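Have a look at the structure below before the remarks.
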Amino acid sequence: MADDGRRRPRVAVVVGSGGMKCAAAVGMWKVLEREGIPVDLAIGCSGGSIYTAAMAMGMDVHLAEQYTHRMWGGLFKRVRYGSLLRSLLPRKLGMFHARLGLVDDRAVGKVMQELYGDTRFEDCRIPLRLAATDLHTGEPVELKSGRIADGVRASIAIPMILPPWPVGGRLLVDGGMSDPLPVSIAIREGADIILAMGFETPPNAQLDSMFGVALQCLSTTVNHMLRSTYAFYSAAHHAELVPLMPDFGQPIRMTDTHLIPHIIQRGEEAMEAELPYVRRLLEADLQRSPA
Amino acid sequence: MNIHIEPRGDIAVIAINGSIDGLTAEELLKTLQAHVQQGHDRLVVDLEGVAYTSSAGLRALLATVKETRRRGGDLRLARIQPNVRKVLELSGFVTILKVFAEVDEAVESYGA
Amino acid sequence: MGSNTQRKKRVAVVIGAGAVKCAAALGLWKVLRREGIDIDMLVGCSGGSIYASVMALGDDPDTCERLTRELWTPKITLRRNWRSILGAILPQVFPFQGHVGMVHDGPLLDALHKPFGGRTFEQASIPLHIVATDMHDGEKVVVNQGSVLDAVRASIAIPYVWAPWKIGDRMLLDGSLSDPLPVDVAIREGADVILAMGFESPYPRRIKSATRFAFQVNSVYTNTLLRANYSFHNLAHHAEIIPVLPDFGGEIRLFDTDKFPHVIEQGMRATEAQLDYIKRVLEADDG
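Chains as they are written, first to last, in the numbering used here: chain Z, 713 to 1003; chain Y, 20 to 131; chain G, 14 to 300.
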């Protein structure tokens, strides 16, 4: 498409992994809708896939907000300790299979059905891409066809929390393990303006248990991954990568569902802060943009 | 290193023979940029003849990728050799570029 | 060579995490020595810190091979650290020490003593930098002064295996948590040409136990981090980064020291593959 004239810049929204913090995407979404900013591509990873899928389907943002409360409140209530225990015991006491996790998979299945029904990627108003990871090869896997519920379920299959999910003959897990903020997909698809909402995990001050130490080691690695991939994407992208990294002011745990309104508010604020620049980018003539 | 350009409709297939490294980067960049500047912004780079790449070479390739995208086009890769693929995976290039097994596939991926 | 005004390019060798596979660096070194190519700086992370250190401290490749082969025996992981394990499982009864190390590090320290006991960074004939991770804030820490043994012990402190190691007032852990192949350290120290020898964590063929699953998950994260860091530095800096990636043909497990000759051979081969370009870059004009 060798246009001589101006072409409207293509806008992509990427929401990365971050557990319940991803609800901030609802705040971002509210602002985008209110300001009439067109979104040409929606990309989600892990917790972020829940929201970008809803957005791409054309779900009403206020409905999404309601679902947020129900979902996070209900999802982690029933934790399967028996499953966790069995996984830690020697093999002869219980068959290991990769498909176990802390959270009740059937409850998650019900929520997926409620949110997405049988809607397929192809039915979406805004093209949707979800990021998962192939458990056996560690490679990132881009999902763009089939049932959205399957795509989201695969993308949020965080090890030990939810069992891996089979899609197209591969066993898929959390997209965050291979690309926590998959701006790569937006770059590959030629998006010009990329709004990237990502979440770092602050270092855990309380190293008071083995579990705390484990989480700390993991979040150290993931934070580094996030920073490096982001820096790489910034250097590799031809146009503008706009970071939306809300500052929550306090650590947010899976069980802090009362903080959801606060999380959404911070998401709105992060988007508002970038709004003037995004508007200018939309109006700019891309072909004359500097390197 | 030598570069052979073959038009296929409004897609340009660029076959590179030799290595894409710090010593060949400048020539590569000049040739590719000139072609893009003439209005050919949809490229397929055929890497069957490339046995080696390094960081400096990849930076030159990326500069061209960005230029094509700025113009609304793209640069896609085809026929990557296994050891070059290893380097492209390590340096993240396979995540930000579309990669195909065959040149025809890459050309067709541009659609209409 | 170039004109009189052209300064010699500084060559760095960066050896990433990879346990026994890091011995491939000795193969790299053999080739460089044979070709008369000097190494101006060494950077090591985790298992790589062992090799970077023996190379920097000036012994020849065969001595280094012997010293490091003697290090990697099952003895270093044999003794359990019961106090630590109990503190982790029953923190109400046994005090949790703020960290976990299932394996007693006595044998490891004994093993490290032979090549590194009493040696300091200042004694190294090639500038040496070792990478670890701060346990509390997760940041990468570069150790390049004081006791080499302390630095190596910190860099290989794999979480849950060995306890973290204190240097100064920081508690340090395995460097690969923050940077499995720290090329940026070489860049910051002014290297022009960087030979980066990195090893991706292996993926077990079949995942049939919880430990294998955990291992797989850990490998995926480490490999992703390796690539993420490498990709960025590859693009962002002016230095020429030449990846030297040996192909071992199969899994090399933690104590496969009988595979040493094979590992070193593959290190040589991988270096030979890049040799032509390395020589041309070193000779080329800076323009």
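Cβ coordinates follow ideal geometry from the N, Cα and C atoms, glycine included. Computed from a predicted model, the values in this text were never measured in an experiment.
Beta bridge counterpart(s) of residue i as assigned by DSSP
i, result
"GLU253/G", "VAL206/G"
"VAL726/Z", "ILE755/Z, ALA908/Z"
"MET184/G", "LYS179/G"
"TRP877/Z", "LEU884/Z"
"CYS58/G", "VAL144/G"
"SER38/Y", "TYR71/Y"
"SER160/G", "THR133/G"
"GLY114/G", "TYR173/G"
Under 9 Å from the C-beta of residue i: neighbouring residues of chain Z
i, result
"HIS85/Y", "Checking the displayed sequence, the identity of residue 85/Y turns out to be Lys instead of His. Those are ALA948, HIS949, HIS950, ALA951, ALA1003, listed as they occur along chain Z."
Any C-beta of chain Y under 8 Å from that of residue i
i, result
"ILE905/Z", "no"
"SER189/G", "no"
"PRO852/Z", "yes"
"ARG865/Z", "no"
"VAL154/G", "no"
"ARG20/G", "no"
"ARG23/G", "no"
"ARG719/Z", "yes"
"ARG293/G", "yes"
Cross-chain neighbours of residue i in chain G, by beta carbon under 8 Å
i, result
"MET889/Z", "VAL230, VAL233, TYR234, THR237"
"LEU81/Y", "LEU248"
"ALA943/Z", "PHE245, ALA249"
Residue i (DSSP reduced to helix, strand or coil)
i, result
"PRO973/Z", "helix"
"PRO955/Z", "strand"
"LYS21/G", "coil"
"HIS303/G", "The displayed coordinates of chain G run from 14 to 300. Any statement about residue 303/G would go beyond what the structure contains."
"CYS35/G", "helix"
"THR845/Z", "strand"
"LEU94/Y", "strand"
"GLY49/G", "coil"
"THR133/G", "strand"
"PHE134/Y", "This structure cannot settle anything about residue 134/Y, because the visible part of chain Y is limited to 20 through 131."
"ILE860/Z", "helix"
"TYR989/Z", "helix"
"ARG266/G", "coil"
"HIS23/Y", "strand"
"LEU306/G", "Not covered by the structure: residue 306/G. The range shown for chain G is 14 to 300."
"ASP817/Z", "helix"
Interface residues of chain Y facing residue i [CB-CB closer than 9 Å]
i, result
"TYR290/G", "SER38, ASP40, GLY41, LEU42, TYR71, SER73"
"PRO955/Z", "The contacting residues do not exist; PRO955/Z stays about 17 Å from chain Y at best."
"SER761/Z", "By Cβ distance, chain Y contributes nothing, its closest Cβ being about 17 Å from SER761/Z, past 9 Å."
"ARG240/G", "GLU108, LEU109, SER110, GLY111, THR114"
Where residue i meets chain Y, residues with beta-carbon distance less than 7 Å
i, result
"GLY902/Z", "ARG88, ASP93"
"PRO256/G", "VAL106, LEU109"
"SER896/Z", "THR114, ILE115"
"ILE899/Z", "ILE115"
"ALA297/G", "LEU42"
"GLU253/G", "GLY41, SER73, SER74, ALA75"
Short CB-CB distance (under 8 Å) between residue i and chain Z
i, result
"GLY211/G", "no"
"ILE24/Y", "no"
"HIS117/G", "no"
"GLY151/G", "yes"
"TYR216/G", "yes"
CB contact below 8 Å: residue i versus chain G
i, result
"SER940/Z", "yes"
"GLY68/Y", "no"
"LEU62/Y", "no"
"PRO915/Z", "yes"
"PRO875/Z", "no"
"THR764/Z", "no"
"PRO878/Z", "no"
"MET937/Z", "yes"
Beta-carbon neighbours of residue i, restricted to chain Z and to distances below 7 Å
i, result
"GLY28/Y", "Per Cβ cutoff of 7 Å: no residues; GLY28/Y is ~12 Å from chain Z at best."
Within chain G, the residues that residue i reaches when beta carbons sit closer than 7 Å
i, result
"CYS929/Z", "PRO172, LEU190"
"LEU77/Y", "ASN247"
"THR845/Z", "VAL233"
Would you be able to state if there are at least three C-beta pairs under 8 Å between the segment 236-245 of chain G and the segment 83-100 of chain G?
-> Because the criterion of three Cβ pairs below 8 Å is not met, the segment 83-100 of chain G and the segment 236-245 of chain G do not touch.
Check whether the segment 969-977 of chain Z touches the segment 224-238 of chain G, counting contact only when three or more Cβ pairs, one atom from each stretch, lie closer than 8 Å.
-> Pairwise C-beta distances place the segment 969-977 of chain Z out of contact with the segment 224-238 of chain G, as fewer than three of them are shorter than 8 Å.
Decide yes or no for the touch test of the segment 945-962 of chain Z against the segment 206-213 of chain G: beta carbon pairs closer than 8 Å, at least 3 of them.
-> Too few Cβ pairs lie closer than 8 Å, so no.
Cβ pair count under 8 Å reaching 3, the segment 154-162 of chain G against the segment 120-133 of chain G = They touch, by the three-pair rule.
When the Cβ atoms of the segment 816-830 of chain Z are set against those of the segment 841-851 of chain Z, are three or more pairs found closer than 8 Å?
-> The segment 816-830 of chain Z vs the segment 841-851 of chain Z: no contact.
Would you call the segment 166-184 of chain G and the segment 56-63 of chain G touching, i.e. three or more CB-CB distances under 8 Å?
-> By the criterion of at least three beta-carbon pairs nearer than 8 Å, the segment 166-184 of chain G is in contact with the segment 56-63 of chain G.
Touch check for the segment 881-888 of chain Z and the segment 900-912 of chain Z: three-plus C-beta pairs under 8 Å?
-> Touching, no, given that fewer than three Cβ pairs across the two stretches are closer than 8 Å.
Pairing CB atoms from the segment 720-729 of chain Z with CB atoms from the segment 744-760 of chain Z, are three or more of them under 8 Å?
-> With a cut-off of 8 Å, the segment 744-760 of chain Z and the segment 720-729 of chain Z count as touching, because enough Cβ pairs lie within range.
Answer yes if the segment 65-77 of chain Y comes into contact with the segment 97-108 of chain Y, meaning at least three C-beta pairs across the two stretches below 8 Å, and no otherwise.
-> They touch, by the three-pair rule.
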